[in-house]
Amino acid sequence: MAEEKRLMKGNEAIAEAAIRAGCTAYFGYPITPQNELTAYMAKHMLDHKRTFIQAESEVSAINMVYGAAATGARSMTSSSSPGVSLKQEGISYACGADVPCVVVNVARSGPGLGGISPSQGDYFQSTRGGGHGDYYHLVLAPKSVQEAADLTFEAFDLADEWRMPAMILADGLIGQMMEGVSFPPMRDLKTLPKKAWAAGRQQETHRPNNHITSLNLMPAELEQQNLARFKRYDVMKAKLQRSEEVNTDQAELILVAYGTSARIALGALQMAKAEGLEVGLFRPITLWPFPEQKLSELAAKGKRFLVVEMSMGQMIEDVRLVVNGRCEVKFYGRCGGMIPTEEEVLAEIKRLLGK
Amino acid sequence: MTEKTFMAGFGGQGVISLGQLWVYCGMKESKEVTFFPFYGAEKRGGIARASVIVSDSEIASPLVTTPDSAIVMNIDSLKLCEDCLKKGGTLLINSSLVKQETTRKDARVIKVPCNEIAEQLGDVRFANMVMMGALSKATGAVKLDKLEAVLKSFFPESKHKFIPKNLEAIEAGMKVVK
Numbered sequence: 167m168a169e170e171k172r173l174m175k176g177n178e179a180i181a182e183a184a185i186r187a188g189c190t191a192y193f194g195y196p197i198t199p200q201n202e203l204t205a206y207m208a209k210h211m212l213d214h215k216r217t218f219i220q221a222e223s224e225v226s227a228i229n230m231v232y233g234a235a236a237t238g239a240r241s242m243t244s245s246s247s248p249g250v251s252l253k254q255e256g257i258s259y260a261c262g263a264d265v266p267c268v269v270v271n272v273a274r275s276g277p278g279l280g281g282i283s284p285s286q287g288d289y290f291q292s293t294r295g296g297g298h299g300d301y302y303h304l305v306l307a308p309k310s311v312q313e314a315a316d317l318t319f320e321a322f323d324l325a326d327e328w329r330m331p332a333m334i335l336a337d338g339l340i341g342q343m344m345e346g347v348s349f350p351p352m353r354d355l356k357t358l359p360k361k362a363w364a365a366g367r368q369q370e371t372h373r374p375n376n377h378i379t380s381l382n383l384m385p386a387e388l389e390q391q392n393l394a395r396f397k398r399y400d401v402m403k404a405k406l407q408r409s410e411e412v413n414t415d416q417a418e419l420i421l422v423a424y425g426t427s428a429r430i431a432l433g434a435l436q437m438a439k440a441e442g443l444e445v446g447l448f449r450p451i452t453l454w455p456f457p458e459q460k461l462s463e464l465a466a467k468g469k470r471f472l473v474v475e476m477s478m479g480q481m482i483e484d485v486r487l488v489v490n491g492r493c494e495v496k497f498y499g500r501c502g503g504m505i506p507t508e509e510e511v512l513a514e515i516k517r518l519l520g521k
Numbered sequence: 569m570t571e572k573t574f575m576a577g578f579g580g581q582g583v584i585s586l587g588q589l590w591v592y593c594g595m596k597e598s599k600e601v602t603f604f605p606f607y608g609a610e611k612r613g614g615i616a617r618a619s620v621i622v623s624d625s626e627i628a629s630p631l632v633t634t635p636d637s638a639i640v641m642n643i644d645s646l647k648l649c650e651d652c653l654k655k656g657g658t659l660l661i662n663s664s665l666v667k668q669e670t671t672r673k674d675a676r677v678i679k680v681p682c683n684e685i686a687e688q689l690g691d692v693r694f695a696n697m698v699m700m701g702a703l704s705k706a707t708g709a710v711k712l713d714k715l716e717a718v719l720k721s722f723f724p725e726s727k728h729k730f731i732p733k734n735l736e737a738i739e740a741g742m743k744v745v746k
């Protein structure tokens, strides 16, 4: 039987889901609005005889993640936008060395130190390979406390399967709000996938050294490594795209939004429906790989799109790439930690529909 | 049924606890719930606000912009609530601290002397529970019949001796609403 629903903050739910997924090593450094996540890990990781370290900086934390993950630990860190910027070097190294880990960004407003209010201004950084070099990694965007828990639980498996960092891109609202959430049962660590590639344990196994590094000074070899990695990306793009659609068959105008802004867009859609206006919603759940197949099908039907974001317009670039001039793509966004209201989005819908 | 409530008061009046307990009880009554707090960086004395929704169906935006009901725990919160309350919405006012009349003539106004009732029960800190009783009676959105069990898991065991008084406060708040 499923466990009883618990009332939790998004940050706490992500932490609990990580523990249940078999996260054996967490490294963090405090920053608002994700502090409850680190605090929850501080309180509960040791109960399960796992590793919790508050590092001296975000840079240390991500490098501890890299090191622990290289030895095969299910390893995780979390932060918020300015802190995640600091982690980009380590994420690039993990991508270059094919080291799986989970990175959570409970995003806040920017640029710079910005503010502590929710924002979606980190879309480019998250989906374009935020550090140096040629790479991508998984990016999952939850819309609720329940989905934040579910995607975090799954992120560890996906990271291991595809040998790369998996990022949970939430925002301050998802992190701070409380909703009902139920969790999958605790993973037995003995059932986790074996990692023959991991470093260490020579004494037990007597196998040759596994050398884990992103460094390769032979251009011809490094090119082959990158080509192999991009082949893996193509397989991921074919297999992992995920999205949710509401009323996209009926509607001529389709809102495109992820995470918090998708919740607001859904509210605007319901208000529009009450006034007799048919509007649809397309919500990407994987931001990388972007759900281009489903979106492209809608574009082929000649729909119009209104992209709603808590930024000056970042995901809209992916929408435009998919639509490729086939139909109209408009934008509505707020930034700086301001959250669009359902009423504002409804007004924009009416303006576009000429109502 | 979807009841969107906006709650505001002074830090320390228990606005955040009120919101959390409201949605916790709602969840135990098989509703969909969401709770989003806003408060400043002050250790005490800042303004505390909460957006709270309970519904029979999936909740879209967790932000409450035009609430069906609003709770005014102190004078500073009156204007905030007047500005956003839905036309014809329910305005619950802590009349122990808010003596001023509201300008919202369309609203269903319910005055609850939370502090006085709480003091009669022995501690002014029950004021938020008095208001929660009134909110339950006024909106019917959450019955609060599972409150005792919720309080047992919400508070550590050392605080369980206060549960009967909290339940009395809820009852007293319900009685204020005609």
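Going down the list, the protein sequences come from chains A and B. Going left to right, the first sequence walks through residues 167 to 521 as our numbering numbers them. Going left to right, the second sequence walks through residues 569 to 746 as our numbering numbers them. No residue lacks a Cβ here, since even glycine has one placed at the ideal position from N, Cα and C. Treat the numbers as computed from the prediction; the structure is a model and nothing was measured.
In angstroms with no decimal places, state the Cα-to-Cα distance between B/Thr634 and B/Cys652.
5 angstroms
Give me the chain A residues within the contact set of B/Phe547, using Cβ-Cβ distance strictly less than 7 angstroms, ordered along the chain.
Any answer about residue 547 of chain B is impossible in this case: the structure gives chain B only from 569 up to 746.
Quick check on the burial criterion: 16 or more other C-beta atoms within 10 angstroms. Buried or exposed for B/Ala706?
buried
For the segment 417-447 of chain A, list every residue whose C-beta sits within 7 angstroms of some C-beta in chain B, in sequence order.
Residues passing the 7 angstroms Cβ filter: Arg429, Ile430, Leu432, Gly433, Gln436.
Under the three-state reduction of DSSP, which class applies to A/Leu381: helix, strand or coil?
coil
Does chain B have any CB closer than 8 angstroms to the CB of A/Gly176?
no
Residues in the segment 617-638 of chain B with C-beta within 7 angstroms of chain A's C-beta atoms, listed in sequence order?
Against chain A - using a Cβ distance shorter than 7 angstroms - the residues of the segment 617-638 of chain B are Ala628, Ser629, Pro630, Leu631, Thr633.
Is B/Met699 close to chain A? Criterion is C-beta to C-beta, closer than 8 angstroms.
no
Can you name the start and end residues of the alpha helix (DSSP H) that A/Arg486 belongs to?
Counting along the chain, the alpha helix (DSSP H) containing A/Arg486 begins and ends at 481-489.
Give the DSSP-derived three-state secondary structure of B/Ser726 in the structure shown.
helix
So B/Tyr607 contacts chain D; which residues on that side make the cut at Cβ distance below 9 angstroms?
The structure shown has no chain D; the protein chains it does contain are A and B.
Taking C-alpha atoms, which residue in A/Gln480, A/Glu463, A/Leu443, A/Gly503 lies nearest to A/Ala513?
Nearest neighbour of A/Ala513 by Cα position, chosen from A/Gln480, A/Glu463, A/Leu443, A/Gly503, turns out to be A/Leu443.
Does any residue of chain A bring its CB to less than 8 angstroms from the CB of B/Gln688?
With respect to chain A, the C-beta atom of B/Gln688 has no partner C-beta closer than 8 angstroms.
If we count the other Cβ atoms within 10 Å of its Cβ and call it buried at 16 or more, is A/Trp363 buried or exposed?
exposed
Threshold first: 3 residues or longer. Then list the beta strand (DSSP E) segments lying entirely within the segment 407-472 of chain A, N to C.
409-412, 419-422, 445-450, 452-454
Tell me, which residues are paired with A/Ser245 by DSSP?
A/Asn271
So, is the C-beta of B/Val666 closer than 8 angstroms to a C-beta in chain A?
Judged by the 8 angstroms Cβ criterion, B/Val666 is not in contact with chain A.
Leaving out five residues before and five after A/Leu519 in sequence, what residues of the same chain have Cβ atoms less than 7 angstroms from its Cβ?
Leu419, Leu443
Report the neighbours of A/Thr507 on chain B: residues whose CB is nearer than 8 angstroms to its CB, in chain order.
Correct list: Ser629, Leu631, Thr633.
Ends of the beta strand (DSSP E) at B/Val622?
615-623
Any Cβ of chain A within less than 8 angstroms of the Cβ of B/Met595?
yes
Roughly how many angstroms lie between the CA atoms of A/Val412 and A/Phe448, to the nearest whole one?
7 angstroms
Using a beta-carbon distance below 8 angstroms, is A/Lys171 in contact with chain B?
yes
Rounded to whole angstroms, what's the CA-CA distance from B/Glu684 to B/Ile738? Just pull it up for me.
14 angstroms
Just checking, does the segment 494-510 of chain A make contact with the segment 591-608 of chain B on the three C-beta pairs under 8 angstroms criterion?
no
So what does DSSP say about A/Ser226, is it helix, strand or coil?
helix
Under 8 angstroms between the Cβ atoms of A/Ala466 and A/Ile378?
no
Determine, using beta carbons only, whether B/Lys720 comes closer than 8 angstroms to chain A.
no
Could you give the distance in angstroms between the alpha-carbon of A/Met476 and the alpha-carbon of B/Lys654?
25 angstroms
Work out the CA separation of A/Gly479 and A/His303 for me, nearest whole Å.
21 angstroms
For a contact meaning CB atoms closer than 9 angstroms, what does B/Val601 contact in chain A?
Chain order gives the chain A residues near B/Val601 as Leu173, Met344, Glu345, Gly346, where near means a beta carbon separation below 9 angstroms.
Please return the same chain residues whose Cβ sits closer than 8 angstroms to the Cβ of A/Thr135, not counting the five positions on each side in sequence.
The structure shown does not extend to residue 135 of chain A, since chain A spans only 167 to 521, so no value can be given for it.
Which residues in chain A have a C-beta closer than 7 angstroms to the C-beta of B/Val591? List them in chain order.
Leu173, Met344
Exposed or buried, what is B/Ser645 when buried is set at 16 or more other beta-carbons lying within 10 Å of its beta-carbon?
buried
For A/Tyr206, report the span of its beta strand (DSSP E) as first-last.
First-last for A/Tyr206: 201-210, but that is the alpha helix (DSSP H), not the beta strand (DSSP E).
Run through chain A and tell me which residues come within less than 8 angstroms of B/Gln581, C-beta to C-beta.
Going along chain A, no residue has its Cβ under 8 angstroms from B/Gln581, so there is no contact; the nearest lies around 19 angstroms.
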